[in-house]
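Peer 1: Per numbering that gives the first Met the number 0, residue 0 is the first one in the sequence shown, and the count goes up by one each step.
Cβ coordinates follow ideal geometry from the N, Cα and C atoms, glycine included.
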Amino acid sequence: MSVDPARLSFTVWRGTTFEKAITYYEDRDEASPHDLTGFTAELILRDKIGGVTLAAMTTENAMIELRAGGIIFLQATPEVTASWTFNAAAYSLTVTSPAGRTDALLHGLFRVRDL
0 MSVDPARLSF
10 TVWRGTTFEK
20 AITYYEDRDE
30 ASPHDLTGFT
40 AELILRDKIG
50 GVTLAAMTTE
60 NAMIELRAGG
70 IIFLQATPEV
80 TASWTFNAAA
90 YSLTVTSPAG
100 RTDALLHGLF
110 RVRDL
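Here is the structure:
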């Protein structure tokens, strides 16, 4: 089944901890969380849609944690957010199943603001 990615914007305060939990459901009624066992995920930040990669949050670099109940937990330390020199980026969040199927879940604007 193909997934149409939802649009969602994020704002991050530079030099602070960023944490966001997103639940991936099997159905539009949000009754059944997706089993993410064995999946990987990545959120790619680009200077524009399809442009140059500015940063990446992935399960491999521990900035995304896949939890029980279909929860995709995004996290960046104050050191990481302080190192982001961009003020805004286009992002896309994808998950890949153990069988190799990749689905786009979210996309939108990722703002990085100074305090």
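Please go through the same chain and pick out, in chain order, the residues whose beta-carbon is closer than 8 angstroms to the beta-carbon of T22, but skip the five residues on each side of it.
Peer 2: Contacts found: E29, P32, G68, G69, I70, I71.
Peer 1: Give me the Cα-Cα distance between R110 and A103, rounded to the nearest whole angstrom.
Peer 2: When rounded, the distance between both Cα atoms is 20 angstroms.
Peer 1: For G68, does the three-state DSSP call read helix, strand or coil?
Peer 2: Here G68 sits in helix by DSSP.
Peer 1: Apart from the five residues on each side of it in sequence, which residues of its chain come closer than 8 angstroms, Cβ to Cβ, to M0?
Peer 2: Bear in mind that a pLDDT of 49 at M0, under 50, signals an unreliable position, so the model cannot answer this.
Peer 1: Does the distance from the C-beta atom of I43 to that of A61 stay below 9 angstroms?
Peer 2: No, they are not a contact pair.
Peer 1: On the criterion of 16 or more Cβ atoms from any shown chain inside 10 Å, does A20 qualify as buried, or is it exposed?
Peer 2: Exposed, by the Cβ-count rule.
Peer 1: Quick check on V51: buried or exposed, where buried means 16 or more other Cβ atoms within 10 Å of its Cβ?
Peer 2: Exposed, since its Cβ has fewer than 16 Cβ neighbours within 10 Å.
Peer 1: Mapping DSSP to helix, strand and coil, what is A81?
Peer 2: If DSSP states are grouped into helix, strand and coil, A81 belongs with the helices.
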